[in-house]
Amino acid sequence: MPRREPQYPTYLTHPTYLYLSIRFLILITPFAMTVTRCLCYPFRYKRNVTELVDGIFIGCSFNHMVTDGTSLWHFMAAWSEIFRSGGQSVSRPPVFKRWVLDGYDPIINLPYNHQDQFIERFENQTFKERFFSFSSTAISKLKATANSECNTRKISSLQAVIALLWRCITRARCLPHDCEITCSLMFSTRARLNPPLSDGYFGNPVHIVGGKATVGDLLAHGLGWAAFRLHEAVINHDDKAIKEEVESWIKCPVIYKRIHLFGANLVRAASSPRFDMYGCEFGLGKALAVRSGCTNKCDGKITMHPGREGGGSMDVEVCLLPEYMKNIQSDQELMSYLMID
Numbered sequence: 621m622p623r624r625e626p627q628y629p630t631y632l633t634h635p636t637y638l639y640l641s642i643r644f645l646i647l648i649t650p651f652a653m654t655v656t657r658c659l660c661y662p663f664r665y666k667r668n669v670t671e672l673v674d675g676i677f678i679g680c681s682f683n684h685m686v687t688d689g690t691s692l693w694h695f696m697a698a699w700s701e702i703f704r705s706g707g708q709s710v711s712r713p714p715v716f717k718r719w720v721l722d723g724y725d726p727i728i729n730l731p732y733n734h735q736d737q738f739i740e741r742f743e744n745q746t747f748k749e750r751f752f753s754f755s756s757t758a759i760s761k762l763k764a765t766a767n768s769e770c771n772t773r774k775i776s777s778l779q780a781v782i783a784l785l786w787r788c789i790t791r792a793r794c795l796p797h798d799c800e801i802t803c804s805l806m807f808s809t810r811a812r813l814n815p816p817l818s819d820g821y822f823g824n825p826v827h828i829v830g831g832k833a834t835v836g837d838l839l840a841h842g843l844g845w846a847a848f849r850l851h852e853a854v855i856n857h858d859d860k861a862i863k864e865e866v867e868s869w870i871k872c873p874v875i876y877k878r879i880h881l882f883g884a885n886l887v888r889a890a891s892s893p894r895f896d897m898y899g900c901e902f903g904l905g906k907a908l909a910v911r912s913g914c915t916n917k918c919d920g921k922i923t924m925h926p927g928r929e930g931g932g933s934m935d936v937e938v939c940l941l942p943e944y945m946k947n948i949q950s951d952q953e954l955m956s957y958l959m960i961d
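Under the numbering used here, think of the first position of the sequence shown as 621, with each following residue one higher.
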């Protein structure tokens, strides 16, 4: 019988860019779309190993409708484990059984007649991106400051860092003091459902929550005040809130476009420093750096990564309009924490 191709194939390509060095990619310099295409893909899932003059770049792309960051890095860890074990086993296999809200059909009809009603094409825009590296000592100080100002111990390191950037980006934008601004966080709902989903649940169970404030209030109060707004938004999104949001969407389904997800008065945090990005090893030692692609970027997007040195350090990729990036690079509050070794 002829070999049957899978309905949804994956792709593995191996281009060469021997005129590029690893340093070129790590520094996030503007590069041609030909290189961007070797790192970002329109498929449901694709792998790419790009050969450079002094190393390799392993690229991996999922359609976000299929999986979230938790599952992406679960896959990368499994891929690394398969390599290291010679293909013998995977210690934490993915869980493919789908979660469906009780009382509803898992198949949902979308209210569209043509794909052009919901497909949005990528448009290359002029943003500046920069990585800010926070040492583990700086992270500890940020967390301690935020909790001390709120007289609590509940604020996490991640919430403290995002709150700092919320304040700094808002200052850099020079918005009117009565303008309302939002800082949104994307997080996994696996552990918040009752009963909870497995950590290995392979899919896209993420929700977005946000803290809101006027520019005047955000900048007049301290770091802890901003961090507590984010903390409250997260803890209030419990099992009941999650299921109500899912039910609301099922009753009136819509595919969100960029205009719904990004805005001039918004700071959006994605990814997580809790993902084991540097634990994925393929026989060449620990990776030199982790970078995200060009899609889903906007003014005010911050992407969280663990620091390469570990120990609770964080690397944060910040995407801003050029004039705002210039302003934030001289923000005294931000620089005071970045200078802590």
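Glycine is no exception: its CB is placed at the ideal position from the N, C-alpha and C atoms.
Self-check item: 8 Å CB neighbourhood of F882 in its chain, flanking five on each side removed
Solution: Working through the sequence shown from its first residue, we reach residue 882 at position 262. Contacts found: R888, C918, D919, G920, K921.
Exercise. Using only alpha-carbon positions, find the residue among G675, K717, I728 that is nearest to I870.
Key: Along the sequence shown, one-based indexing puts residue 870 at 250. Comparing Cα-Cα distances from I870 to each of G675, K717, I728, the minimum goes to I728.
Self-check item: Through-space distance from A758 to S956, alpha-carbon basis
Solution: Translated into positions along the sequence shown, residue 956 becomes position 336. Translated into positions along the sequence shown, residue 758 becomes position 138. C-alpha separation (whole angstroms): 9 Å.
Quiz item: Short check: CB of V781 to CB of V936, under 8 Å?
Solution: Taking the first residue of the sequence shown as 1, we reach residue 781 at position 161. Taking the first residue of the sequence shown as 1, we reach residue 936 at position 316. Their beta carbons are under 8 Å apart, which means V781 touches V936 by this criterion.
Quiz item: If you run the structure through DSSP and keep just helix, strand and coil, what is E749?
Solution: Sequence index remark: in the sequence shown, residue 749 carries index 129 (1-based). Looking at E749 - three-state DSSP - the assignment turns out to be strand.
Self-check item: DSSP bridge partner residues for R718 (one or two, in chain order)
Solution: Numbered from its first residue, the sequence shown carries residue 718 at position 98. Paired residue(s): none; R718 is not in a bridge.
Quiz item: Among the residues of its own chain, which have a CB less than 8 Å from the CB of I948, if the five just before and after it don't count?
Solution: Position 328 of the sequence shown, counted from the start, is the residue given in the question as residue 948. Closer than 8 Å at the Cβ level, and outside the excluded window around I948, lie C788, I789, R791, A792, V938, L940, L954.
Quiz prompt | Anticipated Cβ contact below 8 Å, S818 with G689, distance rounded | solution = Against the sequence shown, residue 818 aligns to sequence position 198. Against the sequence shown, residue 689 aligns to sequence position 69. With 8 Å as the limit, S818 and G689 do not qualify as a contact, their Cβ atoms being about 16 Å apart.
Quiz item: Using the beta-carbon count (16 or more within 10 Å), is L805 buried or exposed?
Solution: Counting from one through the sequence shown, the residue named residue 805 turns up at place 185. Counting Cβ neighbours within 10 Å, L805 comes out buried, since at least 16 surround it.
Quiz item: What is the DSSP secondary structure of H857, counted as helix, strand or coil?
Solution: The sequence position of residue 857 within the sequence shown is 237, counting from 1. In this structure, H857 counts as coil in the three-state DSSP scheme.
Quiz prompt | Test item: CB-CB of Q779 and L850 under 8 Å | solution = Locating residue 779 in the sequence shown gives position 159, counting from the first residue. Locating residue 850 in the sequence shown gives position 230, counting from the first residue. Yes; because the gap between Cβ atoms is below 8 Å, this pair is in contact.
Self-check item: the region 720 to 737 touching the region 827 to 845, judged by at least three CB pairs closer than 8 Å
Solution: no
Self-check item: Close beta carbons around I648, own chain, < 6 Å, minus the five adjacent residues each side
Solution: Numbered from its first residue, the sequence shown carries residue 648 at position 28. Because the pLDDT at I648 is just 47, under 50, the model does not fix this residue reliably, and the point stays unresolved.
Quiz item: Roughly how far, in whole angstroms, is the beta-carbon of V686 from the beta-carbon of I678, given that I think they are within contact range, below 8 Å?
Solution: The residue labelled residue 686 in the question sits at position 66 within the sequence shown. The residue labelled residue 678 in the question sits at position 58 within the sequence shown. Not confirmed; about 19 Å, so no contact.
Self-check item: Simplified DSSP state of D736, which is helix, strand or coil
Solution: Residue 736 sits at position 116 when you count from the first residue of the sequence shown. The three-state reading of DSSP puts D736 in helix, counting H, G and I together.
Exercise. Might you give, ordered along the chain, the residues of its own chain that have their beta carbon closer than 6 Å to the beta carbon of Y732, omitting 5 neighbours on each side?
Key: For this step, residue 732 is matched to residue 112 along the sequence shown. Taken in chain order, the residues that qualify are F738.
Quiz item: CB-CB under 8 Å to D896, same chain, minus the five flanking residues each way: which ones, in chain order?
Solution: For the purposes of this step, residue 896 is identified with residue 276 of the sequence shown, where counting begins at 1. Around D896: W693, A697, P926.
Self-check item: Extent of the continuous alpha helix (DSSP H) to which M806 belongs
Solution: The sequence position of residue 806 within the sequence shown is 186, counting from 1. It is not in any alpha helix (DSSP H) - M806 instead sits in the beta strand (DSSP E) that spans 800 to 808.
Exercise. Count the other CB atoms, across all protein chains shown, that sit within 10 Å of the CB of T772; report buried if there are 16 or more and exposed otherwise.
Key: Along the sequence shown, read from residue 1 onward, the residue named residue 772 stands at position 152. Counting the other CB atoms within 10 Å of its CB gives T772 a total below 16, which places it among the exposed residues.
Quiz item: Which one or two residues does DSSP pair with T670 in a beta bridge?
Solution: The count along the sequence shown starts at 1 and reaches residue 670 at position 50. Looking at the DSSP output, T670 sits in a beta bridge with F677.
Quiz item: Starting from H827 and walking both ways along the beta strand (DSSP E), at which residues does that stretch end?
Solution: Within the sequence shown, numbered from 1, the residue matching residue 827 stands at position 207. 826 to 834 is the extent of the beta strand (DSSP E) around H827.
Quiz item: So, helix, strand or coil for D725, using DSSP?
Solution: On the sequence shown, residue 725 is found 105 positions in, with the first residue counted as 1. In this structure, D725 counts as coil in the three-state DSSP scheme.
Exercise. Taking H925 as part of the beta strand (DSSP E), name the residues at either end of that continuous run.
Key: Residue numbering aside, residue 925 sits at position 305 when the sequence shown is read from its first letter. Taken as a continuous stretch (DSSP letters only), the beta strand (DSSP E) holding H925 covers 921 to 926.
Quiz prompt | 8 Å Cβ cutoff met for E769 and G844 | solution = Locating residue 769 in the sequence shown gives position 149, where the first residue counts as 1. Locating residue 844 in the sequence shown gives position 224, where the first residue counts as 1. It is a contact, given that the beta carbons lie within the stated cut-off.
Quiz item: To which residues does DSSP link V938 through a beta bridge?
Solution: Reading the sequence shown from its first residue, position 318 is the one you call residue 938. The partner list for V938 (beta bridge, DSSP) reads R750, I922.
Exercise. State the CB to CB distance for the pair S933 and S760, rounded to an integer number of angstroms; the pair is presumed to be in contact (CB under 8 Å).
Key: Position 313 of the sequence shown, counting from 1, holds the residue named residue 933. Position 140 of the sequence shown, counting from 1, holds the residue named residue 760. Contact between S933 and S760 is ruled out by a C-beta separation of about 10 Å, above the 8 Å threshold.
Quiz item: For R793, which beta-bridge partners are listed by DSSP?
Solution: Position 173 of the sequence shown, counted from the first residue, corresponds to residue 793. Partner(s): none; R793 has no beta bridge.
Quiz item: Can you tell me where the beta strand (DSSP E) with A889 in it begins and where it stops?
Solution: The residue given as residue 889 occupies position 269 in the sequence shown. Taken as a continuous stretch (DSSP letters only), the beta strand (DSSP E) holding A889 covers 886 to 891.
Exercise. Give the C-beta separation of S777 and K763 to the nearest angstrom, bearing in mind that I take them to be a contact with Cβ-Cβ under 8 Å.
Key: Here residue 777 refers to the residue found at position 157 of the sequence shown. Here residue 763 refers to the residue found at position 143 of the sequence shown. The Cβ separation is near 5 Å, so the contact holds.
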